[in-house]
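Participant:
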Amino acid sequence: MMPMDPDGPIVAVDLETTGLFPESDRVVEVGALRFGVDGRESGRFERLVNPGRPMSPAAERIHGISDAMLDDADPAPVVLAEFLAWLLERPPRRILAHHARFDAGFLGRELSRAGLAIPDLRITDTLAMARRRLPGARSHRLEAIAGMLGLDAGPSHRALADCVRVRALWLAVDGESGPFLSYPVYDPTRGRPIPSGWEPLARAIEGGWRLRIRYEGGTRGSGPREISPRRVIEKGGAAYVVALCHLDGFEKAFRLDRMSALEVLGAGD
1093 MMPMDPDGPI VAVDLETTGL FPESDRVVEV GALRFGVDGR ESGRFERLVN PGRPMSPAAE
1153 RIHGISDAML DDADPAPVVL AEFLAWLLER PPRRILAHHA RFDAGFLGRE LSRAGLAIPD
1213 LRITDTLAMA RRRLPGARSH RLEAIAGMLG LDAGPSHRAL ADCVRVRALW LAVDGESGPF
1273 LSYPVYDPTR GRPIPSGWEP LARAIEGGWR LRIRYEGGTR GSGPREISPR RVIEKGGAAY
1333 VVALCHLDGF EKAFRLDRMS ALEVLGAGD
């Protein structure tokens, strides 16, 4: 188990990959930025990773990392062991990532392939935080939010530059005040648990309770609606709750990171 220090630093993490699917795609870059609650940087980690397979043209168009750039890079087992050692130098109080489920999923898959232990770590999602704190933004993608807030950090979709953006976003919206949606590093032997910060949802599923939520997205807009949650699933790298929507009268899937409020009402159907 990797210790988390309540008095330790905050670490922003970002992974660049060959594609969107952790089951089949691979990590090609690891970036991390260590900083304090005052925003002062105290360390950084930046390494390319040889994925042992060709880069997809679509991924290269996004982050600009080519096969030639990765020829001399170390493979994932070497880089990830070094990254975890760097992280343990000063155990963090919190780890951040924008779309944390993506990074938690890829990190766990790569550690499992490498035969390395899956650390007991949770990664706080600044995407969900941005949706809650900045509901009027046209887009909550990291580069869009950074542009809106004037947080210029260099090229988009390179790991360390995106870590700088995550730190700036965290500080700009006072991330320390919560609430937090966090994802555990994925362990393929255990399956996907409900992310921390959603314990009331887990209890509602178990008890058959009805919830009132505010949902940012979908055809019904951002107004409140009532649902009876059934189960949590993963689709396209995002977590969803499948629930009976009492507004529409049938089951729908709601992305957890687009739910900006949740209230337990009691008995379900």
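Everything in the sequence shown is counted per my numbering, starting at 1093 for the first residue and increasing by one.
Yeah, the Cβ is synthetic: ideal placement off N, Cα and C, and Gly gets one too.
#1: Nearest by alpha-carbon distance to G1358: which of C1337, E1318, R1323 is it?
#2: Compare the C-alpha of G1289 against each of R1182, V1122, M1351, G1128 and name the closest.
#3: Would you identify the three-state DSSP class for T1218, choosing helix, strand or coil?
#4: Between L1162 and P1143, is the Cβ-Cβ spacing less than 8 Å?
#5: Cα separation between P1101 and E1343?
#6: How would you label E1108, buried or exposed, when you count the other beta carbons within 10 angstroms and need 16 or more for buried?
#7: Jot down the residue ranges of each uninterrupted alpha helix (DSSP H) in the segment 1143-1225, minimum 4 residues, whole runs only, in chain order.
#8: Counting C-beta neighbours from all protein chains within 10 Å, is the total for I1187 16 or more, i.e. buried, or is it exposed?
#9: Closest to T1099 by C-alpha separation, out of V1129, P1149, H1191, L1263, would be which residue?
#10: For T1197 versus P1114, is the C-beta distance shorter than 8 Å?
#11: What separation, rounded to the nearest whole angstrom, lies between the Cα atoms of P1292 and E1355?
#12: Looking at the secondary structure, which residues open and close the alpha helix (DSSP H) in which G1315 lies?
#13: Here's the rule: buried if 16 or more other CB atoms are within 10 angstroms of the residue's CB, otherwise exposed. What is D1159?
#14: Rounded to whole angstroms, how far is the Cβ of A1251 from the Cβ of E1138, which I believe are closer than 8 Å?
#15: Are L1208 and L1172 close, meaning C-beta to C-beta below 8 Å?
#16: Taking buried to mean at least 16 other C-beta atoms within 10 Å of its own C-beta, is G1200 buried or exposed?
#17: Is it buried or exposed for R1153, if we count other Cβ within 10 angstroms and need 16 for buried?
#18: Using 8 Å as the threshold, is the C-beta distance between A1264 and L1241 below it?
#19: Are the beta-carbon atoms belonging to V1120 and A1189 less than 8 Å from one another?
#20: Out of S1134, A1150, R1118, A1253, state which residue places its alpha-carbon closest to the alpha-carbon of F1194.
#21: What did DSSP end up calling L1293 once you bin it into helix, strand or coil?
#22: Given this structure, state the Cα-to-Cα distance separating I1157 from A1220, to the nearest angstrom.
#23: Measure the alpha-carbon distance for R1306 versus P1146 and round it to whole angstroms.
#24: For G1131, does the count of other Cβ atoms within 10 angstroms reach 16, so buried, or fall short, so exposed?
#25: Classify R1295 as buried or exposed, calling it buried when 16 or more other Cβ atoms lie within 10 Å of its own Cβ.
#26: Please report the distance separating the alpha-carbon of C1337 from that of S1320.
#27: Might you give, ordered along the chain, the residues of its own chain that have their beta carbon closer than 7 Å to the beta carbon of F1127, omitting 5 neighbours on each side?
#28: Can you grab the Cα-Cα spacing for the pair R1323 / H1191, in whole Å?
#29: What are the residues that DSSP puts in a beta bridge with I1305?
Facilitator: Quick look at the numbers:
#1: E1318
#2: M1351
#3: helix
#4: yes
#5: Whole-angstrom Cα-Cα distance: 42 Å.
#6: buried
#7: Counting only runs of 4 or more, we get 1149-1155, 1159-1162, 1168-1181, 1192-1206, 1218-1225.
#8: buried
#9: Looking at the sequence shown, residue 1099 is not Thr but Asp. Cα-wise, what sits closest to D1099 is V1129.
#10: Sequence inspection shows Gly at residue 1197; the Thr mentioned does not correspond to that position. It is a contact, given that the beta carbons lie within the stated cut-off.
#11: 8 Å
#12: No alpha helix (DSSP H) contains G1315, which DSSP labels as neither H nor E.
#13: By the C-beta density criterion, D1159 is exposed, having fewer than 16 other C-beta atoms within 10 angstroms.
#14: The beta-carbon separation of A1251 and E1138, rounded to 7 Å, stays under the 8 Å limit for a contact.
#15: yes
#16: buried
#17: exposed
#18: yes
#19: no
#20: Scanning S1134, A1150, R1118, A1253 for the CA closest to the CA of F1194 turns up R1118.
#21: It is helical.
#22: 27 Å
#23: The straight-line gap from Cα to Cα measures roughly 42 Å.
#24: exposed
#25: exposed
#26: CA-CA distance, C1337 to S1320, rounds to 7 Å.
#27: P1101, I1102, E1133, S1134, R1259
#28: 21 Å
#29: R1317, L1354
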